[in-house]
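Trainee: Starting off with a structure, shown below.
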Amino acid sequence: MTRPPSTVRDAMGPKGPQAGDDMILDLALSVLAAARTGHLVVCDADGRVTGLVSRTQLTAHPAGTRYTDLTRLRDIAHDRGPFTSALTALPVAERAMRGRTQQASVVVDDDGYAVGILAAPHGDAPAEVCRGAGAPAAQLSV
Numbered sequence: 015m016t017r018p019p020s021t022v023r024d025a026m027g028p029k030g031p032q033a034g035d036d037m038i039l040d041l042a043l044s045v046l047a048a049a050r051t052g053h054l055v056v057c058d059a060d061g062r063v064t065g066l067v068s069r070t071q072l073t074a075h076p077a078g079t080r081y082t083d084l085t086r087l088r089d090i091a092h093d094r095g096p097f098t099s100a101l102t103a104l105p106v107a108e109r110a111m112r113g114r115t116q117q118a119s120v121v122v123d124d125d126g127y128a129v130g131i132l133a134a135p136h137g138d139a140p141a142e143v144c145r146g147a148g149a150p151a152a153q154l155s156v
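Those letters in the sequence shown? Residues 15 to 156, per the working numbering, in order.
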């Protein structure tokens with residue numbers, strides 16, 4: 015008999031694709047489509063997590079316009095934390111996600127680098143959030 019996960023480390027999935035905060039929206043949408051996932055981990059120039067952006071947040075802007083050609087990920091509204099530690103008790107992390115109505119949370123190490131993604135508890139996450147579990151964790155930037 016397996017025991018249920020007790021910490022975020024036990025329950026998190028792979029971090030999935032990452033994008034630099036200087037990436038333009040059109041390119042970010044292409045990365046999401048290629049990775050078949052519903053979110054991108056947004057990082058600064060040093061690779062530290064600055065946020066999590068969903069497909070819904072990206073598609074809220076008209077595609078193919080001058081606006082998306084000039085707008086960077088850092089310029090749009092997305093989840094900017096706080097992020098989850100892998101050592102956090104799972105019930106505490108789930109409660110925090112529900113309180114902030116998050117579908118996913120970036121799990122970071124002590125230095126602020128992504129180590130995984132915690133999906134919303136009990137199947138609350140839309141399929142697009144969970145589909146990226148096997149996606150490569152390439153660092154992408156423009």
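C-beta atoms are modelled at their ideal positions from N, C-alpha and C, and glycine is treated no differently.
Computed from a predicted structure; not experimentally measured.
Under three-state DSSP, which class holds T70?
Mentor: One-based indexing of the sequence shown puts residue 70 at position 56. DSSP places T70 in helix when its eight states are reduced to three.
Trainee: Going along the chain, which residues of its own chain have a beta-carbon closer than 8 Å to the beta-carbon of S20, five neighbours each way excluded?
Mentor: Residue numbering aside, residue 20 sits at position 6 when the sequence shown is read from its first letter. Leaving aside the five residues that flank S20 on each side, the residues in its chain whose CB is nearer than 8 Å to its CB run, in chain order, A103 and L104.
Trainee: For S155, name the three-state secondary structure that DSSP assigns.
Mentor: Taking the first residue of the sequence shown as 1, we reach residue 155 at position 141. Model confidence at S155 stands at a pLDDT of 33, short of 50, so the residue's coordinates are unreliable; what they give is reported in the following sentence. Coil at S155, not helix or strand.
Trainee: How is L87 classed by DSSP in three states: helix, strand or coil?
Mentor: As a working mapping, residue 87 is identified with position 73 in the sequence shown. Helix.
Trainee: Within 10 Å of its beta-carbon, does A42 have 16 or more other beta-carbons around it, so buried, or fewer, so exposed?
Mentor: For the purposes of this step, residue 42 is identified with residue 28 of the sequence shown, where counting begins at 1. Buried: at least 16 other Cβ atoms inside 10 Å.
Trainee: So is S68 buried or exposed if we call it buried at 16+ other beta carbons inside 10 Å?
Mentor: Here the question's residue 68 lines up with position 54 in the sequence shown. Buried is the call here.
Trainee: By alpha-carbon positions, which one of H75, T85 and G52 ends up nearest to L66?
Mentor: Taking the first residue of the sequence shown as position 1, residue 66 is located at position 52. For L66, the closest of H75, T85 and G52 by C-alpha to C-alpha distance is G52.
Trainee: Quick one, which of L101, G30, T115 and R23 has its alpha-carbon nearest C57's?
Mentor: As a first step, residue 57 must be located in the sequence shown, where it is residue number 43. Closest option to C57, Cα to Cα, is G30.
Trainee: Quick check on DSSP: helix, strand or coil for P18?
Mentor: Here residue 18 refers to the residue found at position 4 when the sequence shown is read from its first residue. Here P18 sits in coil by DSSP.
Trainee: What is the residue span of the beta strand (DSSP E) that A118 lies within?
Mentor: By one-based count along the sequence shown, residue 118 stands at place 104. Start and end: A118 to V122.
Trainee: Using 10 angstroms around the beta-carbon of A74, count the other beta-carbons present and answer buried if the total reaches 16, otherwise exposed.
Mentor: Taking the first residue of the sequence shown as 1, we reach residue 74 at position 60. With fewer than 16 other Cβ atoms within 10 Å, it is exposed.
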